[in-house]
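**Student:** In this note's numbering, each residue's number is its place in the sequence shown (first place is 1) plus 4.
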Amino acid sequence: MRVTLATVMSVDARITQGETVKTSFWRSVEDGAVLKKLIGQNQVLIMGRRTYQVVRPKPNDKRLLVILTANPEKFADQAVPGSLEFVSLSPKQLVALLDTRGYQTALLLGGASNVPFIESGIVDELYLTVEPSIFGEGLPLAQGMAAATPLRLVEHQQLNRQGTLLLHYEVIKNTWLLRPTDSLTGQHQDADGNNPVTQQMRAPHNIDNTENCYCCNQ
Ligand SMILES: NC(=O)c1ccc[n+]([C@@H]2O[C@H](COP(=O)([O-])OP(=O)(O)OC[C@H]3O[C@@H](n4cnc5c(N)ncnc54)[C@H](OP(=O)(O)O)[C@@H]3O)[C@@H](O)[C@H]2O)c1
C-alpha cells in the first residue's frame, strides 16, 4: 500500500495557529485545491480522533475514512462499515489490515497521529504546504520523534503570489539518521526495534548514498 502524508503548516512548522483548531481559517485557497486533489487520488483517508471532531467529514462511498481512537466503541453510532470506521490499531496493524482488504493508496491527514506512522517507516511520500506566516504557537509538525527521517525533495511549487510553497518529498526508506544530540556510537534500528546495526558516526554525512546507513555510509 502506498501511504502519503499531507500537511499544511506555517514557516515555523506549526500545523495549528495557536489555539485555532480549524486549518481552514488560515490555509490558502490554493492549498485547499491541492488537498482536494490528493483526497481524490486516494482510496483511504486516515486521521486522528481530534482532527475528525474538528473537520467532521461526511462518509461517502467513494473512499474509506479511518479514524484512530483508543475508544472505537464510543463512535459505534457514527460508524458506517466501508465508509467511516473507527479503529484502535498501530500504524503497521492498520496498513496490514487495509492491505488484506485490497486497498492500495491511503492519505494520512492526522495531527500528532502522523508521527508514529512516520516512525514506523510506513509513509512513502509527503506533501507539505508551507503558508507564508510565522505562528509562534500551535501544534508542531512532528513532536517527539525518536529519530530523524531522511527525505528527498521530488518537486516544489509556488502556489500563489504571496508565496505559499508546496513541497513534495519522498521518504528515503531503510536508512537511519542520528541527531546531533545522539551518542557518536549509535545502535541503529527501525521503529519496531528490528535490524540493529551498530555504526560509528562519521562526518560529513553522505546524503546521496541511499543503499547504506544514511549517516555512516557503511
Ligand atoms: N495543518 C494540518 O495539515 C492539520 C492536519 C490534521 C490536523 N490538524 C489539526 O490538528 C489538530 C488535531 O491534532 P492532534 O494532534 O491534537 O490530534 P489528532 O492526531 O487529530 O488525534 C489524536 C487522537 O487520535 C487517536 N489516536 C491517534 N493514534 C492512535 C492509534 N494508533 N490508536 C488509537 N488511537 C489513536 C487518539 O484518540 P482518543 O483520544 O480518542 O483515543 C488521540 O487522542 C486539529 O486542530 C486539526 O485541525 C492540522
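Just so you know, even glycine gets a beta-carbon here, dropped at the ideal spot from N, CA and C.
For the alpha helix (DSSP H) containing tyrosine 56, list its first residue and its last residue.
**Tutor:** Along the sequence shown, one-based indexing puts residue 56 at 52. Tyrosine 56 -> alpha helix (DSSP H) spans 53 to 59.
**Student:** Give the list of continuous alpha helix (DSSP H) stretches no shorter than 4 residues that lie fully inside the stretch 99 to 154.
**Tutor:** Segments of the alpha helix (DSSP H) lying fully in the stretch 99 to 154: 118 to 123.
**Student:** Is it buried or exposed for leucine 188, if we count other Cβ within 10 angstroms and need 16 for buried?
**Tutor:** Within the sequence shown, numbered from 1, the residue matching residue 188 stands at position 184. In this predicted model, leucine 188 has a pLDDT of only 44, less than 50, meaning its place in the structure is not dependable enough to derive any value.
**Student:** Are there 16 or more other CB atoms within 10 angstroms of the CB of serine 164, so buried, or fewer, so exposed?
**Tutor:** Taking the first residue of the sequence shown as 1, we reach residue 164 at position 160. It is worth fixing the name first, because residue 164 is asparagine in this sequence and not serine. So asparagine 164 ends up on the exposed side.
**Student:** Under the rule that 16 or more other beta-carbon atoms within 10 Å means buried, what is proline 136, buried or exposed?
**Tutor:** Translated into positions along the sequence shown, residue 136 becomes position 132. Burial call: exposed.
**Student:** From which residue to which residue does the alpha helix (DSSP H) around isoleucine 43 run?
**Tutor:** In the sequence shown, residue 43 corresponds to position 39, counting from 1. Counting along the chain, the alpha helix (DSSP H) containing isoleucine 43 begins and ends at 33 to 45.
**Student:** Closer than 8 Å is the cut-off here; do at least three beta carbon pairs connect the stretch 72 to 87 with the stretch 34 to 44?
**Tutor:** With the cut-off at 8 Å, the stretch 72 to 87 and the stretch 34 to 44 do not touch.
**Student:** Would the C-beta of serine 117 count as close to ligand 1, meaning under 7 Å from any of its heavy atoms?
**Tutor:** The residue given as residue 117 occupies position 113 in the sequence shown. Within the cutoff, so yes.
**Student:** Within 7 Å: the Cβ of arginine 54 and any heavy atom of ligand 1?
**Tutor:** Here residue 54 refers to the residue found at position 50 of the sequence shown. Yes; taking the cut-off as 7 Å, the Cβ of arginine 54 has a heavy atom of ligand 1 nearer than that.
**Student:** Quick one: Cα of valine 48 to Cα of leucine 171, how far?
**Tutor:** As a first step, residue 48 must be located in the sequence shown, where it is residue number 44. As a first step, residue 171 must be located in the sequence shown, where it is residue number 167. Each residue's alpha carbon lies about 22 Å from the other.
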